[in-house]
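Structure, as structure tokens:
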Amino acid sequence: MPGVAGRSGRRPKPVDKKLAAGNPGKRKLNTDQPDFTLVRTVDCPEWMGEFGRALWDTVVPQLCGQRLILATDVQNLEVYCAAYNQFREAEQHIARNGLVVDGAQGGAVKNPALTAKNEAVKQMATYGAMLGLDPSSRQRLIGPKKPNEKNPFAALLGGG
Numbered sequence: 001m002p003g004v005a006g007r008s009g010r011r012p013k014p015v016d017k018k019l020a021a022g023n024p025g026k027r028k029l030n031t032d033q034p035d036f037t038l039v040r041t042v043d044c045p046e047w048m049g050e051f052g053r054a055l056w057d058t059v060v061p062q063l064c065g066q067r068l069i070l071a072t073d074v075q076n077l078e079v080y081c082a083a084y085n086q087f088r089e090a091e092q093h094i095a096r097n098g099l100v101v102d103g104a105q106g107g108a109v110k111n112p113a114l115t116a117k118n119e120a121v122k123q124m125a126t127y128g129a130m131l132g133l134d135p136s137s138r139q140r141l142i143g144p145k146k147p148n149e150k151n152p153f154a155a156l157l158g159g160g
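Numbering (full-length UniProt numbering), first residue to last: 1 to 160.
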């Protein structure tokens with residue numbers, strides 16, 4: 001069957017993150033990967049809802065300050081904030097109308113906003129992980145390299 005086989009297993013760590021960690025495996029690095037533009041600041045899209053805009057104003061300065069957003073990541077950020085907006089709007093609808101609403105045929109049915117809320121939560125989890133916005137994903141991020149710090153034990157070994 002022609003085509004590219006699906007990839008399984010762990011996603012590869014980006015080369016810049018391997019370099020920041022000092023290439024601990026000493027494996028050959030992919031020097032042909034694309035080099036995308038670092039984003040210093042990005043304006044919230046005009047179409048973004050009130051809740052998404054508030055989240056954008058909170059998250060973007062943090063991510064840009066840590067130099068974690070590239071030009072190719074902006075659409076992931078948009079989806080994340082839009083999903084948050086949908087989540088909050090669904091929560092408001094549920095608070096106003098309850099978990100159960102009258103169905104088209106007169107019986108009680110689950111409020112459709114519950115499904116919208118759950119879908120938004122799934123999107124937030126997926127895109128938040130891509131951006132390093134949850135504790136587990138944050139552990140895998142490597143920030144900018146810090147200046148060389150002296151090893152306090154080097155003097156004991158005659159190296160400092």
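Note that CB positions come from ideal geometry on N, CA and C, so glycine has one too. Here the structure is a predicted model, which means the values were calculated and not measured.
- For Lys13, there is no enclosing alpha helix (DSSP H), since its DSSP letter is neither H nor E.
- Between the alpha carbons of Asp57 and Lys18 lies a distance of about 30 angstroms.
- The C-beta of Ala113 has 16 or more other C-beta atoms within 10 Å across all chains shown, which makes the residue buried.
- Only exposed fits Ala21, as fewer than 16 other CB atoms lie within 10 angstroms of its CB.
- Sequence-distant Cβ neighbours of Ala83 in its own chain, meaning closer than 6 angstroms and more than five residues away, are Ala120, Gln123 and Met124.
- Going by C-alpha positions, Asp134 is about 10 angstroms away from Tyr127.
- Taking a contact as a CB-CB distance under 8 angstroms, the pair Asn85 and Met130 does not count as one, their CB atoms being some 18 angstroms apart.
- Listed in chain order, the non-local C-beta contacts of Gly103 below 8 angstroms within the same chain comprise Val109, local neighbours out to five positions each way being set aside.
- Counting only runs that start and end inside the segment 65-123, the beta strand (DSSP E) elements of at least 3 residues fall at 100-102 and 108-110.
- Counting only the Cα atoms, Val15 lies some 13 angstroms from Phe36.
- The alpha-carbon of Pro24 is positioned some 15 angstroms away from that of Asn30.
- Leu38 is bridged by DSSP to Leu70.
- Ranked by Cα distance from Asn118, the options Ala90, Gly132, Asn97 and Lys28 are led by Ala90.
- Val100 counts as exposed, since fewer than 16 other beta carbons sit within 10 angstroms of its beta carbon.
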